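This report refers to the structure that appears directly beneath it.
Protein chains: 2
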Amino acid sequence: MPYDPSAFPPFAVTVDLVVLTVRRHALCALAVRRGEPPFQGRWALPGGFVREDEDLSQGAARELVEETGLTAHDPSDPAQVNGAHLEQLATYGDPKRDPRMRVVSVAHLALAPDLPAPRAGGDANSARWAPVEELLQQGGYGRDGEQAAPLAFDHAQILSDGVERARSKIEYSSLATAFCPTEFTVGELRRVYEAVWGVALDPRNFHRKVTGTPGFLVPTGGTTTRQGGRPAQLFRAGGATLLNPPMLRPEVSHLGSDTSALTPRL
Amino acid sequence: MPYDPSAFPPFAVTVDLVVLTVRRHALCALAVRRGEPPFQGRWALPGGFVREDEDLSQGAARELVEETGLTAHDPSDPAQVNGAHLEQLATYGDPKRDPRMRVVSVAHLALAPDLPAPRAGGDANSARWAPVEELLQQGGYGRDGEQAAPLAFDHAQILSDGVERARSKIEYSSLATAFCPTEFTVGELRRVYEAVWGVALDPRNFHRKVTGTPGFLVPTGGTTTRQGGRPAQLFRAGGATLLNPPMLRPEVSHLGSDTSALTPRL
DNA sequence: GTGTTTATCGTCAGGCAGACGACTATGATC
DNA sequence: GATCATAGTCGTCTGCCTGACGATAAACAC
Numbered sequence: 001m002p003y004d005p006s007a008f009p010p011f012a013v014t015v016d017l018v019v020l021t022v023r024r025h026a027l028c029a030l031a032v033r034r035g036e037p038p039f040q041g042r043w044a045l046p047g048g049f050v051r052e053d054e055d056l057s058q059g060a061a062r063e064l065v066e067e068t069g070l071t072a073h074d075p076s077d078p079a080q081v082n083g084a085h086l087e088q089l090a091t092y093g094d095p096k097r098d099p100r101m102r103v104v105s106v107a108h109l110a111l112a113p114d115l116p117a118p119r120a121g122g123d124a125n126s127a128r129w130a131p132v133e134e135l136l137q138q139g140g141y142g143r144d145g146e147q148a149a150p151l152a153f154d155h156a157q158i159l160s161d162g163v164e165r166a167r168s169k170i171e172y173s174s175l176a177t178a179f180c181p182t183e184f185t186v187g188e189l190r191r192v193y194e195a196v197w198g199v200a201l202d203p204r205n206f207h208r209k210v211t212g213t214p215g216f217l218v219p220t221g222g223t224t225t226r227q228g229g230r231p232a233q234l235f236r237a238g239g240a241t242l243l244n245p246p247m248l249r250p251e252v253s254h255l256g257s258d259t260s261a262l263t264p265r266l
Numbered sequence: 001m002p003y004d005p006s007a008f009p010p011f012a013v014t015v016d017l018v019v020l021t022v023r024r025h026a027l028c029a030l031a032v033r034r035g036e037p038p039f040q041g042r043w044a045l046p047g048g049f050v051r052e053d054e055d056l057s058q059g060a061a062r063e064l065v066e067e068t069g070l071t072a073h074d075p076s077d078p079a080q081v082n083g084a085h086l087e088q089l090a091t092y093g094d095p096k097r098d099p100r101m102r103v104v105s106v107a108h109l110a111l112a113p114d115l116p117a118p119r120a121g122g123d124a125n126s127a128r129w130a131p132v133e134e135l136l137q138q139g140g141y142g143r144d145g146e147q148a149a150p151l152a153f154d155h156a157q158i159l160s161d162g163v164e165r166a167r168s169k170i171e172y173s174s175l176a177t178a179f180c181p182t183e184f185t186v187g188e189l190r191r192v193y194e195a196v197w198g199v200a201l202d203p204r205n206f207h208r209k210v211t212g213t214p215g216f217l218v219p220t221g222g223t224t225t226r227q228g229g230r231p232a233q234l235f236r237a238g239g240a241t242l243l244n245p246p247m248l249r250p251e252v253s254h255l256g257s258d259t260s261a262l263t264p265r266l
């Protein structure tokens, strides 16, 4: 019998955010420094309690706006928060994941274009963009000599799942454009793929593939810009969301290794 | 500031199950009849409260065993419950999804071979396998003349998401074997794909594809069986979990339609 | 102008999928 | 037992897509 309104164990429900962006040719995630125990002083993913009257996606969108400073949010499209893509990732509910109480966290994945420096309660060094490998590596030392302590709670797992989801999803969807500003060049889009996957792609084959997929890119009048060499055509994201056939990640053999449950393809 | 142990709104957390199987060449889901309000008498997905001391996947596995009568569960592999595949699907937390209180439901997807008739508290007609189209169609009439009332709560949405996840996931993973008994023929596996996708597949191309994908199928000695015509080779599921290149669903153009967040591909 | 950088177009060979023909091995029917 | 119906299995052929890579174009730095 599914539900019994009277007696149920009380849970706290939070949303945690894996906010990814591409900066300086590296896949980066937003991390905030914890100001109180447990894990005081450690880096963690941004997040917070779901409010009594809001939906999970609303809570995630609210947290995203609060942490990144994204100005507004059009509630008509829950997958869009002011230019950023937002989707549910997975839910984490190990009874011991928070030492204080039973907390179930509904993790969300956000993909954003390169944003200005993060803000968190006005405190300068309490939030930052960090390369995901730096946040995930255990026991190493970060760029600035700071010891790379593992993320708080099970946030390393959540971040890892989010990164894998993003890596896999840009294969078969047009989601990579969520890392780009409204207008972008084929080369900029390619550098997104290269940063997210950590591989080098052939510019000629990439160009053929993305321009040849109907609905992926639409030229914006034909304006151009520069970023080094010959001017490039500017594009906007087209209406297509799923790419068929997909962009395949080079070389990695997909056989055997299982990251299964978190990488449904839709 | 992510967490504040003192003041938080209390939530009830449940797991709901989308249990899919293939019976009589149709994709079927397990439904239970509600014995109490709200939605008394209506069909719903099986589910229940998460207990104080169990993980979400444990709760889902427990409910699955309770509802289907699957005998045992090896806790070493959380994705396997006595032959059935189990994975987290998505979490549903609309504030109004349960009229009584704030309930967040972590839906799970289970894929099982054709099981014996379901049992639910010993009551005979309080649980059944029903074709998913029958459960999802609104306002029509079911096979036995019974009016097809919509599923309780938001369970139609959950079921729909689960079905789409299964349809998409058998494309790029070996998960279709979860619908088959330990030993099966290529034809039986093909009928699984046909039932889940609702399309007809070319037996010759299908045979070439699945037998040519390394790690997908392993012949079991070479035994044969019958199910109509010429005896067929028997196979077990191989170690591969991800198929590369994938089995592609015929004709449906993946362009444009968006079922995005629920179909991550891994 | 020369060199460098990036963008874009083309070519070619190999792999894979869809369409479909052909043959094989059972059980059912006459 | 011959014929038929049903499935399973092996091949062929053609077209599409991808990876490798050559070539040209258009900007900027000297």
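Protein chains in written order, with UniProt numbering: chain B, 1 to 266; chain U, 1 to 266.
The C-beta atom is built at its ideal place from N, Cα and C for all residues, glycine as well.
Predicted model only: the values in this text are computed from it and were never measured.
Three-state secondary structure assigned by DSSP to residue i
| i | result |
| --- | --- |
| B/Thr-177 | helix |
| B/Phe-206 | helix |
| U/Ala-60 | helix |
| U/Leu-248 | coil |
| B/Val-50 | coil |
| U/Arg-42 | coil |
| B/Asp-161 | helix |
| B/Ser-242 | A small fix is needed here, since residue 242 of chain B is Leu in this sequence, not Ser. Of the three classes helix, strand and coil, the one that applies to B/Leu-242 here is strand, per DSSP. |
| U/Val-218 | strand |
| U/Arg-24 | coil |
| B/Val-132 | helix |
| B/Val-32 | strand |
| B/Ala-152 | coil |
| U/Glu-87 | strand |
| U/Ala-237 | strand |
| B/Leu-109 | strand |
| B/Leu-17 | strand |
| U/Val-192 | helix |
| U/Thr-211 | helix |
| B/Val-65 | helix |
| U/Ala-79 | coil |
Outcome for residue i when other beta-carbon atoms lying within 10 angstroms are tallied against a minimum of 16
| i | result |
| --- | --- |
| B/Asp-154 | buried |
| U/Lys-169 | buried |
| B/Lys-209 | buried |
| B/His-25 | exposed |
| U/Gln-58 | buried |
| U/Glu-52 | exposed |
| B/Asp-77 | exposed |
| U/Pro-162 | Residue identity check: residue 162 of chain U is Gly in the sequence provided, not Pro. Buried: at least 16 other Cβ atoms inside 10 Å. |
| U/Thr-68 | buried |
| U/Ala-200 | exposed |
| U/Thr-185 | buried |
| U/Asp-202 | exposed |
| U/Arg-226 | exposed |
| B/Val-218 | exposed |
| B/Arg-102 | buried |
| B/Ala-149 | exposed |
| U/Thr-224 | exposed |
Contact set between residue i and chain B, taken where Cβ atoms lie within less than 9 angstroms
| i | result |
| --- | --- |
| U/Val-106 | Thr-91, Gly-93, Val-104 and Val-106 |
| U/Leu-151 | Under the 9 angstroms cutoff, chain B gives no residues; its nearest Cβ is about 12 angstroms from U/Leu-151. |
| U/Leu-64 | Going along chain B, no residue has its Cβ under 9 angstroms from U/Leu-64, so there is no contact; the nearest lies around 13 angstroms. |
Sub-9 angstroms separation of residue i and residue j beta-carbons
| i | j | result |
| --- | --- | --- |
| B/Leu-111 | B/Leu-20 | yes |
| B/Val-15 | B/Gly-35 | no |
| B/Leu-45 | U/Val-104 | no |
| B/Trp-197 | B/Arg-167 | yes |
| U/Val-106 | U/Gln-88 | yes |
| U/Asn-244 | U/Tyr-172 | yes |
| B/Phe-39 | U/Val-50 | no |
| B/Cys-28 | B/Pro-131 | yes |
| B/Arg-236 | B/Thr-220 | yes |
| U/Val-13 | B/Gly-93 | yes |
| U/Ala-60 | U/Pro-113 | no |
| B/Thr-241 | B/Leu-189 | no |
| B/Leu-234 | B/Arg-165 | no |
Chain U residues whose Cβ lies nearer than 8 angstroms to that of residue i
| i | result |
| --- | --- |
| B/Glu-52 | Pro-9, Pro-95 and Arg-102 |
| B/Leu-189 | The premise fails here: B/Leu-189 is roughly 18 angstroms from chain U at the closest Cβ pair, so nothing lies under 8 angstroms. |
| B/Phe-179 | Simply none; closest approach about 16 angstroms. |
Chain U residues whose Cβ lies nearer than 7 angstroms to that of residue i
| i | result |
| --- | --- |
| B/Val-154 | The sequence given here places Asp at residue 154 of chain B; Val does not occur at that position. Within chain U, no residue comes near B/Asp-154; the closest Cβ sits about 11 angstroms away, beyond 7 angstroms. |
Interface partners of residue i on chain B, CB under 8 angstroms
| i | result |
| --- | --- |
| U/Asp-77 | What U/Asp-77 touches in chain B: nothing, since even the nearest Cβ is about 11 angstroms away. |
| U/Asp-114 | Near U/Asp-114 there are no residues of chain B at all, since even the closest Cβ is about 23 angstroms away, more than 8 angstroms. |
Partners in chain U for residue i, counting only beta-carbon separations shorter than 9 angstroms
| i | result |
| --- | --- |
| B/Ala-31 | Neighbours of B/Ala-31 on chain U: none; closest Cβ ~11 angstroms, over 9 angstroms. |
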